[in-house]
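Chains as they are written, first to last, in my numbering: chain A, 1 to 80; chain B, 81 to 160; chain C, 161 to 300; chain D, 301 to 440.
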């Protein structure tokens, strides 16, 4: 299955991208994806934490991803 | 000695006055004046409490009044 | 004091004026409170309010509140403006604006100022209804 | 919802617009918070800030905050407006306005909204200095 990954804030600088597509096995969880992202974009390790949103809602690590999901990497927010 | 007394809020309605002059004995305290005011304007008894300001500052009952003081009757405030 | 703006006025109060007074490049947050005239009190319909004050003393008491707020909280500037005269539903009897480097102090000082104003500043309001009028808080 | 006004915009935020949205004849008090760009952070001089957001999700999260505020506190209306793009010192990244019959709820809801916004809404700011720039809160 194929998902889109969006980068925001510092993660656009760390990865050099605003978005990318990932081919994933079925049964991939949010936690699995985080490991794959860090493996592919090693500078993401420098970020001590980031959250994941799936289809514009914050997601927990155990969520199973499905085809066509839009996944956003959410570094610590600083609005306001 | 002679002092001026100013009335505000409901006390203008209860006394029918905005201000008046009082002749007082020396050594009259704020507490003494309150009793004289209630004796002269009996409707002030209907007000369960009022404060006194002397020369634009809140005064305690034990303050001694002096000649030419300007005393204000301050019913419960309701600004804001 | 240059860090405080105190006004009692028969003119319409202006939110932007209060904001402009407190705004400063050193500040990250501004908290404001605007009192407005409600259309009901204790389920009776209010037609208008009449505010009167012991003005020289009221200005002194408002200045004290502003000075205390500057002492108690880490704030930069504070404006306290109060209207007197007849106000209609939706009109503004009071505006308080507070600026500070960090927002918590601004909120605390703003709430302190309006709470204290309602306890100490010699201003009175008379509520007018279809069938009469009453001095608020006086319980005669 | 008709009791909430949520905006993310590249335009200059307007205090009076937020006030006008929440103002109502049933309300006795309006609490407002205005975030402003400070000239320093950790003793370094800021030249400008650049705000960017994941806008559709940010709007959803701001709407959630407004809905939660209406549920948790006895308030009437709430506006949450956030600017994105380049802001200079003194410019306004965020305005929150809350109206209620009684002031305590308005203060509580206003402070709840700005505190929650700073924790959950996917908006990021990059601070620019004379000698570089940094993503705030990211600690890379």
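Using N, Cα and C, we set each Cβ at its ideal position, and we do this for glycine too. For clarity, every value in this text was computed on a predicted model and none was experimentally measured.
Tell me which residues share the same chain as residue 238 of chain C and place their Cβ nearer than 6 angstroms to its Cβ, disregarding the 5 neighbours each side in the sequence.
164, 226, 229 and 258
Listing by chain order, which chain C residues have their CB less than 7 angstroms from the CB of residue 414 of chain D?
Think of a sphere of 7 angstroms around the beta carbon of residue 414 of chain D: the chain C residues whose beta carbon falls inside it are 263, in chain order.
Would you call the segment 407 to 420 of chain D and the segment 343 to 353 of chain D touching, i.e. three or more CB-CB distances under 8 angstroms?
By the criterion of at least three beta-carbon pairs nearer than 8 angstroms, the segment 407 to 420 of chain D is not in contact with the segment 343 to 353 of chain D.
Suppose you measure from the CA of residue 125 of chain B to the CA of residue 243 of chain C; what does that come to, to the nearest Å?
30 angstroms
In whole angstroms, give me the CA-to-CA distance for residue 287 of chain C and residue 358 of chain D.
44 angstroms
So, helix, strand or coil for residue 121 of chain B, using DSSP?
coil
Just to confirm, is the Cβ distance from residue 255 of chain C to residue 182 of chain C under 8 angstroms?
no
So residue 139 of chain B and residue 86 of chain B are in contact, right, with Cβ under 8 angstroms, and what is the actual spacing, rounded?
Contact flag wrong, Cβ pair sits at about 13 angstroms.
Check distances from the C-beta atoms of the segment 314 to 341 of chain D to those of chain C and list, in chain order, the residues that come in under 7 angstroms.
From the segment 314 to 341 of chain D, only 315, 316, 319, 323, 325, 326, 327, 328, 329, 330, 331, 332, 333, 334, 335, 336, 338 and 339 have a Cβ closer than 7 angstroms to chain C.
Considering only DSSP beta bridges, list what residue 284 of chain C is partnered with.
C:212
Taking Cβ positions, are residue 374 of chain D and residue 401 of chain D nearer each other than 8 angstroms?
Result yes, Cβ atoms of residue 374 of chain D and residue 401 of chain D sit closer than 8 angstroms.
Under 8 angstroms, CB to CB, which of the residues in the segment 233 to 250 of chain C have a partner in chain D?
249 and 250
Quick one: list the residues of chain C neighbouring residue 407 of chain D, beta-carbon separation under 7 angstroms, in chain order.
267 and 271
Could you check whether the Cβ of residue 428 of chain D sits closer than 8 angstroms to any Cβ belonging to chain A?
Not one chain A Cβ lies under 8 angstroms of residue 428 of chain D.
Along the chain, which unbroken stretches of the beta strand (DSSP E) at least 3 residues long are found entirely within the segment 301 to 360 of chain D?
304 to 309, 329 to 335 and 344 to 353
Between D:316, D:363 and D:312, which lies nearest to residue 302 of chain D when the distance is taken from Cα to Cα?
Minimum Cα distance to residue 302 of chain D is reached at D:363.
When the distance is taken between beta carbons, is residue 169 of chain C closer than 8 angstroms to residue 329 of chain D?
no
Name the two residues that bound the continuous beta strand (DSSP E) containing residue 52 of chain A.
51 to 54
How big is the Cα-Cα spacing for residue 172 of chain C and residue 252 of chain C?
7 angstroms
Please classify residue 425 of chain D: is it buried, with 16 or more other beta-carbons within 10 angstroms of its beta-carbon, or exposed?
buried
Hey, out of B:84, B:89 and B:81, whose CA is closest to residue 293 of chain C's CA?
Looking at the Cα atoms, B:89 is the closest of the given residues.
Within 10 angstroms of its Cβ, does residue 149 of chain B collect 16 or more other Cβ (buried), or is it exposed?
Around the beta carbon of residue 149 of chain B, 16 or more other beta carbons lie within 10 angstroms, which makes this residue buried.
Quick one: what's residue 295 of chain C bridged to in DSSP?
Per DSSP, the beta-bridge partners of residue 295 of chain C are C:286.
Using alpha carbons as the reference points, say which of D:338, D:412 and D:325 lies closest to residue 198 of chain C.
D:325
Given a threshold of 16 other Cβ atoms within 10 Å of its Cβ, counted over all protein chains shown, does residue 361 of chain D qualify as buried or as exposed?
With 16 or more other Cβ atoms within 10 Å, it is buried.
Our contact map puts residue 81 of chain B next to residue 147 of chain B with C-beta atoms below 8 angstroms; I'd like the distance itself, whole angstroms only.
That belief holds up - the Cβ atoms of residue 81 of chain B and residue 147 of chain B are roughly 4 angstroms apart, short of 8 angstroms.
Does residue 72 of chain A get closer than 8 angstroms to chain D when you measure Cβ to Cβ?
yes
Would you mind telling me which residues of chain D sit closer than 8 angstroms to residue 77 of chain A, beta carbon to beta carbon, in chain order?
418, 419, 420, 421, 422, 423, 424 and 437
Let me confirm a value: residue 158 of chain B is counted as buried when at least 16 other C-beta atoms fall within 10 Å, else exposed. Which label applies?
buried
Indicate whether residue 80 of chain A and residue 418 of chain D have their beta-carbon atoms separated by less than 8 angstroms.
yes
Would you grab the beta carbon distance between residue 24 of chain A and residue 3 of chain A for me? Rounded to a whole angstrom, and I think it's under 8 angstroms.
6 angstroms
Say whether chain C places a C-beta atom closer than 8 angstroms to the C-beta of residue 89 of chain B.
yes
Could you give the DSSP three-state label for residue 365 of chain D: helix, strand or coil?
helix
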